[in-house]
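Residue numbers (the working numbering): 276 to 880.
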């Protein structure tokens, strides 16, 4: 009896060990199966000589790991710089996969450009948007579910996807038929409310993983912080997905910030183009549509072949401007953020920002239009104190909008750290500033005038001015505060016990800007019937000053020689006041294209 019990115990022990071994072997089997799949995919990518791989010049392409993962059915988010080949990351797997890859893209013009490129390669693709007619729609819907169809990619806008029940119904059929190969979301940062370019229709994409759980998602972006990526993962229900990030370093781009005090920025930009970029193509980015029109008018009057591009232009005029710029008819496009995604002109030698961008993400993406041919290109930002408040007033209604402006302001104020390092840090990228090799203004020059400013006495004086303004119920804009500090402007805003600063106005403007981003001063925004106005009030840190604040010192570094005629006289701005000019509207006629300076005044009798 006891012998049988012992034998039973030993048998159970052995069975337990065998079971555990089997579990380990099963785990190992799954690992090996996955590895076999990965290796097969890699071999297919490397050896598919009869496919369109050779047409894509794939031997120089470095994203094989990301391609393997998305082709293995895994959810992936890919962050790579503008001009780095994001389109190829989804187009190549689409060609090699069975079924249809749906690409969600925010711009119709970008879809059309990519469609033409794919057709030139013999790859069957289609676009479904508000401009698609009934016959095309019928053909697209049939191709989605027809196993004999050669259609590989279908481009849709997020708006169309959110509003077309017929499209969603057809996608359900395509999924059940096993033909929904992949969902690609271009500019995936638009999903996040924390991003710089949130779009409401992108939130609809949150249901895709629930509706089509076996279809892998591939999200692509050039500009997303770590916080935004985490938010995107939650919103798309792909938490824990693979995230691949390329370096944000573009070795051929030289970054520079130019301080502007008094001179017309447009004139300085024209001088710069004529001296440094004669005959070369570029982009001028402006903050508002009015800036865009005014700057373009000024440039054309000074002999630059320029064309405006913004959202209020008719589509045919935008298309004409873009095509004319691509063909070389126009040297410069003067644009708002509307001229952005999908711009792929290789020989752009300069991207100039007439004023601060709304965010560092916008700025990085816009400067990324330059130098896509790998040759040296220049990214120049014109910084002016007043532009800070124009940008914040435009953005304060957006979630995180003002903070995005302040991130851009910190970048603009920094005269010490490598510009490329500042960009990399913002996006959570590690990068060695020594690699810059003088490809930014901060690394390129050492001739900086350093002004050390004791902050505590300034804080006391500003507090007196703001307290006095509150007592007399006078709101203080940044300009009004500066004037009161310098003993100018409205006499009732001045305080006798506040001395005129010993520093030049430019230095004091930089101090005010630094106090804003560091929380000593705060902007409050008020609506008027015509605009939004920014007023300055004491920030939270102003009320918690202690002994450590007394030792606080700012080093204001001013580069000597980088402003040329922009350096003001010590008494301040211009002595003569320019006459008020009548507002003019510009008509861009065919005749005017031949005479860049001609302006037709449509408001005249």
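No residue lacks a Cβ here, since even glycine has one placed at the ideal position from N, Cα and C.
(message) So, for residue 477: in the same chain, excluding its five sequence neighbours on each side, which residues have a beta-carbon less than 7 Å away from its beta-carbon?
(response) Excluding sequence neighbours, residue 477 sits near 433, 465 and 466.
(request) Indicate whether residue 521 and residue 354 have their beta-carbon atoms separated by less than 8 Å. (result) Yes. Within cutoff.
(message) I'd like to know whether the C-beta atoms of residue 381 and residue 346 end up nearer to each other than 8 Å.
(response) no
(message) Bridge partners for residue 556 per DSSP, in chain order?
(response) 623
(request) Mind checking which residues open and close the alpha helix (DSSP H) that includes residue 753? (result) Residue 753 -> alpha helix (DSSP H) spans 753-760.
(request) Kindly indicate which residue of 407, 803, 278 and 544 has the alpha-carbon position closest to the one of residue 439. (result) The residue among 407, 803, 278 and 544 with its C-alpha nearest the C-alpha of residue 439 is 407.
(message) Bridge partners for residue 715 per DSSP, in chain order?
(response) According to DSSP, which records beta bridges pairwise, residue 715 is partnered with 530.
(request) Spell out the partners DSSP gives residue 482 in its beta bridges. (result) Residue 482 is not bridged to any residue.
(request) Would you check if the distance between the CB atom of residue 524 and the CB atom of residue 304 is smaller than 8 Å? (result) no
(request) Report the partner residues of residue 766 according to the DSSP bridge assignment. (result) Answer is none; residue 766 lacks a bridge partner.
(message) Rounded to whole angstroms, what is the Cα-Cα separation between residue 596 and residue 584?
(response) 7 Å
(message) The beta strand (DSSP E) that contains residue 583, what's its start and end?
(response) 581-584
(request) Return the CA-CA distance between residue 378 and residue 627, expressed in angstroms with no decimal places. (result) The alpha-carbon atoms of residue 378 and residue 627 are separated by roughly 31 Å.
(message) Measuring straight from C-alpha to C-alpha, what distance separates residue 399 and residue 420?
(response) 15 Å
(request) Assign residue 810 to one of three DSSP states: helix, strand, or coil. (result) strand
(message) Output needed for residue 461: all residues of its chain with C-beta closer than 6 Å, excluding positions within five of it in sequence on either side, in chain order.
(response) Apart from the 5 residues on each side of it in sequence, residue 461 sits with its Cβ closer than 6 Å to the Cβ of 380 and 495 in its chain, given in chain order.
(message) Taking contact to mean 3 or more Cβ pairs, one atom from each stretch, closer than 8 Å, check whether the region 605-614 and the region 648-666 are in contact.
(response) Judged by Cβ distances under 8 Å, the region 605-614 makes no contact with the region 648-666, as fewer than three pairs qualify.
(request) Work out the CA separation of residue 556 and residue 831 for me, nearest whole Å. (result) 34 Å
(request) Kindly identify the DSSP beta-bridge partner or partners of residue 519. (result) 353
(message) Buried or exposed, going by whether 16 or more other CB atoms sit within 10 Å of the CB of residue 682?
(response) buried
(request) Could you tell me whether the Cβ atoms of residue 542 and residue 653 are closer together than 8 Å? (result) no
(request) Measure from the alpha carbon of residue 647 to the alpha carbon of each residue in 624, 636 and 811, then state which is nearest. (result) 624
(message) Cutting at 8 Å between CB atoms, please list the residues of its own chain near residue 621, excluding the five before and the five after it.
(response) 647 and 648
(request) Please report how far the alpha carbon of residue 599 lies from the alpha carbon of residue 579, in whole angstroms. (result) 14 Å
(message) DSSP three-state label for residue 654, please.
(response) Annotated three-state conformation of residue 654 is strand, per DSSP.
(request) State the beta-bridge partners of residue 461 as determined by DSSP. (result) 495
(message) Tell me the rounded alpha-carbon separation between residue 487 and residue 450.
(response) 7 Å
(message) If I follow the unbroken beta strand (DSSP E) through residue 412, where does it start and stop?
(response) Unbroken run through residue 412 is the alpha helix (DSSP H), 409-420; no beta strand (DSSP E).
(message) Nearest by alpha-carbon distance to residue 704: which of 733, 735, 502 and 724 is it?
(response) 502
(request) Hey, could you find the ends of the beta strand (DSSP E) residue 400 is sitting in? (result) 400-403
(request) Please check the pair residue 458 and residue 415, which I expect to be a contact at CB under 8 Å, by giving their CB distance rounded to whole angstroms. (result) At roughly 16 Å, the Cβ-Cβ gap does not stay under 8 Å, so residue 458 and residue 415 are not in contact.
(message) Excluding the 5 residues flanking residue 710 on each side, which residues of the same chain have their C-beta closer than 6 Å to its C-beta?
(response) none
(request) Sort out for me which residues DSSP pairs residue 802 with in a bridge. (result) 807
(message) Would residue 517 and residue 293 be called neighbours here (beta carbons separated by less than 8 Å)?
(response) no
(request) Evaluate residue 679 with the Cβ neighbour count: other Cβ atoms within 10 Å of its Cβ, from every protein chain shown; 16 or more gives buried, anything less gives exposed. (result) buried
(message) So if DSSP puts residue 375 in a beta bridge, which residue, or which two residues, is it bridged to?
(response) 455
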